[in-house]
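Using the working numbering, read the sequence shown as starting at 157 and increasing by one per residue. Beta carbons are placed, not taken as given, at the ideal position from N, Cα and C, and that holds for glycine. From a predicted model like this one, the values you see are computed outputs, not experimental measurements. Written below as structure tokens is the structure these notes are about.
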Amino acid sequence: MNGSAYILVVIGILVAKCLGFVRDIIFASVFGASEYTDIYFQVFGLASLVFTGVGAALSILIIKNLNKPENLGTENQKRYVAQFMTKTALLVLLVTVLLYLFAGPIVRILLPGLQDDLFAVAVQTMYIMLPSCLFVILAYIMSGVLQNCKVFFITSVMSLPYNVLIIAALLFENISLTTVSILTTIGWFLHIVILLPSFHKNGYRLFGKLQKASRGENNREVLYIFISSMMFQLMFMIDKASVSSDTGAASTLNYASNLFIAISSVFVVAMSNVSYPSICRCYENGNHAQVRKILQYIMTVLSAIFVPFVLTVTCFGREIISLLYERGEFTQALSIETAALFCIYTFGILGYVCQELFNKVLYLASKYSYTVIGTLLVVLSKPLINLMILQKGGVIAVAISTTILFTLYAICILFALRKVVGNYFNKDLAVNLAKILLAGLAALGTYLLCTRLPLPMQDSKLGFIVPLGLCAIVYAIVLLCTGSVKYIIQNKDNTL
């Protein structure tokens, strides 16, 4: 990916995420947090979290397979894509039928604390939204094919029609969650619609003749990648399920986790898109030294982004949540709880970077055992941990335990990464990280000073902008003076 393509991807992701923010803000204003929003978010999570994980795994696999010797050549690739999508669609349809048959028990698992009089509503919502599963997976496969054709921008904005549809619907008075659920399913179908012109323009078609089944190794790879990429999604779903008996708690967790993922993914996904092809080429060529240089550069850049992110959420999270969400049915009490959860989850950022980026380096060496076993240990232990701490610590304790598990997972992945590519943590990386932490401390000191000064607009909702701006200026100046900005911008040997 060249620089201009990278900029387009970043712009596309930012536009899509901003619309997603607007959608969540309007949704929170219209519906607040209640038993009905808990039902919507948990059922929606089955498609938006679980099946996007399946789709993402298949997207990675199809890119890998399209570049194998037996699939080289335009006609071979077109034939393979059509067969791949046909097999996948048939399998997903079978799974969807089973989900319809067992919708009741699944609802009980997703919402164990749900009141009996709301059970029928939850099952109906499940019936409405289950077709999304097929639409999600096909859209992600199409996205992978287009990325392999160097079509980046349209794939980065494929969620735009969905967000526009939901935002437009929420502007109507007295709209019901049932109507929103129907439109959500239609919105997932629109992901396919927006990709289809580019898909056909590059000569691909959705379906084709079936041949013999894929090799078992490929099937196992899909499973391994899927499991390894689902830790965050499953952990958030488990957290929401654990607190579902507390009215509105699952919704506040949803707002906090969505905001965390939305902001983090802009930078992590963009970095993954631009760096992973270079890492693949260097690794396959046996140039592990260059892989380590790229990893060092990635760690430096992401640290320079996420240190101020964590500080901003810690110092100004309450004001940010209030500004974004606090209107209509979303009360001040909900703002305070959501801000606390948002701050707690933000400290698990290293785990998110490992899941979305560093795990992929382990895939190159087929070291799936690290990612799969690590994910299973974290996910399977979470319900038991929640059961032990929920009554005493409530939703805050549930979120803290999640962040701790994310961090432990990240530490294990970073050690495994060293075994694959060698010792990437050298003196240069340590110095770069120290400079960034110094800038962060300077910004934190500026914030503490601002709390003691009579700054303008202190009593308004926008009063936090002045101290936030001062902290940002101090952070940037320290980075500039220490040479960190020069290293990040003038990237020579670490070209991505």
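CA-to-CA, the gap between Tyr411 and Asp180 works out to about 8 Å. Counting along the chain, Cys568 sits inside the alpha helix (DSSP H) bounded by residues 524-577.
In the structure shown, Glu377 adopts helical secondary structure according to DSSP, grouped into three states. Counting only the Cα atoms, Leu458 lies some 25 Å from Met314.
Per the coordinates, the alpha-carbon of Leu604 lies some 44 Å from the alpha-carbon of Phe207.
Looking at Ala595, Pro287, Ala212, Val630, the one whose alpha-carbon comes closest to that of Ile342 is Pro287.
As the crow flies, the alpha-carbon of Gln239 is around 19 Å from that of Ser354. DSSP places Pro287 outside both helix and strand once states are collapsed to three, so it counts as coil.
Asp395 counts as buried, since no fewer than 16 other beta carbons sit within 10 angstroms of its beta carbon. For Met387, the enclosing alpha helix (DSSP H) starts and ends at 387-398. Rounded to the nearest whole angstrom, the C-alpha separation of Ile569 and Phe275 is 40 Å. Per DSSP, the continuous alpha helix (DSSP H) segment holding Ser478 begins and ends at 444-481. When DSSP states are grouped into helix, strand and coil, Gln271 belongs to the coil group. Taking C-alpha positions only, Val171 is separated from Ile419 by approximately 12 Å. In this structure the stretch 576-589 touches the stretch 439-450; the number of beta carbon pairs closer than 8 Å is three or more. Apart from sequence neighbours up to five positions away, the residues of its chain that approach Pro317 with a beta-carbon distance below 6 Å are Leu346, Ile350, ordered along the chain. Within the stretch 275-353, the runs of alpha helix (DSSP H) that reach at least 4 residues and sit entirely inside it are, in chain order, 275-285, 288-304, 309-312, 316-326. When the five nearest sequence neighbours on each side are left out, the beta carbons in the same chain lying within less than 6 Å of the beta carbon of Tyr631 are those of Pro464, Ala595, Ala599, in order along the chain. Counting only the Cα atoms, Lys538 lies some 15 Å from Tyr501. Apart from the 5 residues on each side of it in sequence, Ala405 sits with its Cβ closer than 7 Å to the Cβ of Val399, Val551 in its chain, given in chain order. If you look at Asn582, you'll find it isn't in any alpha helix (DSSP H); DSSP assigns it neither H nor E. Secondary structure of Gly359 (DSSP, three-state): coil. DSSP, reduced to helix, strand and coil, places Arg179 within a helical segment of the structure shown. In this structure, the beta-carbon distance from Ser557 to Ile541 falls below 7 Å. A distance below 8 Å between beta-carbons, with the five flanking residues on each side excluded, links Thr487 to the following residues of its chain, in chain order: Gly188. By the Cβ neighbour-count rule, Ala489 is exposed, with fewer than 16 other Cβ atoms within 10 Å of its own.
Nearest to Phe382 by alpha-carbon distance, out of Tyr565, Leu467, Ala213, is Ala213. By alpha-carbon distance to Met393, the top candidate from Leu513, Arg608, Thr408 is Thr408. By the CB criterion at 7 Å, Leu415 and Phe308 fall outside the cutoff. A direct Cα-to-Cα measurement between Val210 and Val641 gives close to 38 Å.
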